[in-house]
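Numbering (our numbering), first residue to last: 220 to 531. Before any comments, here is the structure.
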Amino acid sequence: MTSPSFPATPAPRPGGAGELAGRTVSRVGYGAMQLERLHGDRRAAVALLRHAVELGVDHVDTAQFYGDGFVNEVIREALTPEDDVLVVSKVGAVSDPGGPFPLRLAQRPEDLRTSVEDNLATLGLEQIPVVNLRRTDSGITIPVPDDQIVGLDDQLAEMIALRDEGKIGAIGLSSVTADILRRALPAGIVCVQNAYSLVARDDEDALRLCEAEQIAWVPYFPLGGALPGLAKVADEPAVLAAAERLGCTPAQVGLAWLLHHSPRTLLIPGTADTGHLEANLAVGAITLDDQTLATLDAVPTRPFQTLDGLKS
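Printed below as a string of structure tokens:
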């Protein structure tokens, strides 16, 4: 690991204080998937992540299948124990560079264990603080082969065993319905990552359950439009009008709305660009008045579409 590099004084928490796995964290963290775009410039990837930490980021979302291990290796190089950054990874899929999709599902208990071991190796950790079980119940997913239809109870039993062994610190869920979340609550779920944005609010019931159970809600695709055919938050007239009035970007309005919409929301916007990183971390300072919130709340939600073999 690199030598520690600290700012003179601690940076303010981007977005204010939130909670994840029993820890106080900044409400705006960093989703590391986009670091894969810097595969040809590892030094730039490390520098970007260091800059995020210097600006107050203290939780980072990753996965072994991001860049087939490259992103985890960048995190290992960039972060030090003294940074005290909470690393969140996920299992349930693996890289498949030569396949019809960049990923393939790996849902069986033995696959989950192997994925945890792979994450531990590339991250250089003895324990991953939080690991999300990425299922296929909600949002968009790649096709599910018959041998990858696995019962929740079997998966949770393996995740609990991994936690008991000390290989993971806490269990989260991803791409799940409210019913699945409710079934999983006895396992001690600490966060839920679902595809969710101003224009894709199908999982509002899951969000409300997270609020009731004091579970962190961590939306991915927070601005929509991550895949062709999906509605984009930045295309909405109400968002464009709010951005012009507030003197910020439409993307910042979309992220600020998420923070305002629920106190349990933690953001993990990803980027490979320093300017975009700084803009994302600044959204906590954007105040949305009641009229603006009401106008944004009235934007219709669109169900996910079936896209090139991806299913809703």
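Backbone N, C-alpha and C define an ideal beta-carbon position, used for all residues, glycine too. In this text the structure is predicted, and so the values were computed from the model without any measurement.
Please state the DSSP three-state secondary structure of residue i.
i	result
Y249	strand
D353	Checking the displayed sequence, the identity of residue 353 turns out to be Arg instead of Asp. Strand at R353.
A312	strand
Q412	strand
R332	helix
E384	coil
L515	helix
S224	Here the model assigns S224 a pLDDT of 49, short of 50, so the residue's position is not dependable, and the following value carries that caveat. Of the three classes helix, strand and coil, the one that applies to S224 here is coil, per DSSP.
G443	strand
L486	strand
R323	strand
R242	strand
D390	Note on residue identity: the sequence assigns Ile, not Asp, to residue 390. I390 falls in the strand class under three-state DSSP.
Is it right to say residue i is buried, meaning 16 or more other beta carbons lie within 10 angstroms of its own, or is it exposed?
i	result
Q374	buried
D424	exposed
G370	exposed
P364	exposed
E273	exposed
G318	exposed
Q433	exposed
S224	Any reading at S224 must be qualified, since the residue scores a pLDDT of 49, below 50, and its modelled position is unreliable; no value is offered.
D422	buried
R464	exposed
E377	buried
P441	buried
I493	The amino acid occupying residue 493 in the given sequence is Thr; Ile does not appear at that position. Under this definition T493 is an exposed residue.
Considering only C-alpha positions, which residue in the set the options is nearest to residue i?
i	options	result
L257	G489, T506, V518 and A435	G489
D356	T493, G311, L474 and G288	G311
P456	G343, V409, A380 and V418	V418
T341	G407, N291 and H270	N291
H495	R261, A271, R232 and T520	A271
R261	A230, L392, I294 and V307	I294
A414	R521, A376, P300 and A236	R521
T514	V502, V472, S481 and N499	V472
I505	P482, S481 and A462	A462
D516	G241, A475, L331 and A389	A475
Compare the beta carbon distance of residue i and residue j with 8 Å and say whether it is the shorter of the two.
i	j	result
G234	L486	yes
L477	P438	yes
N338	Q412	no
I361	F320	yes
V452	S416	yes
W436	L449	no
V265	G503	no
L392	R420	no
L512	H479	yes
I387	V335	yes
P469	V458	yes
Rounded to the nearest angstrom, how far is the Cβ of residue i from that of residue j, given a contact under 8 Å?
i	j	result
R232	G275	5 Å
C410	V313	Rounded, the Cβ-Cβ distance is 21 Å, inconsistent with contact.
L305	H278	4 Å
L267	A491	7 Å
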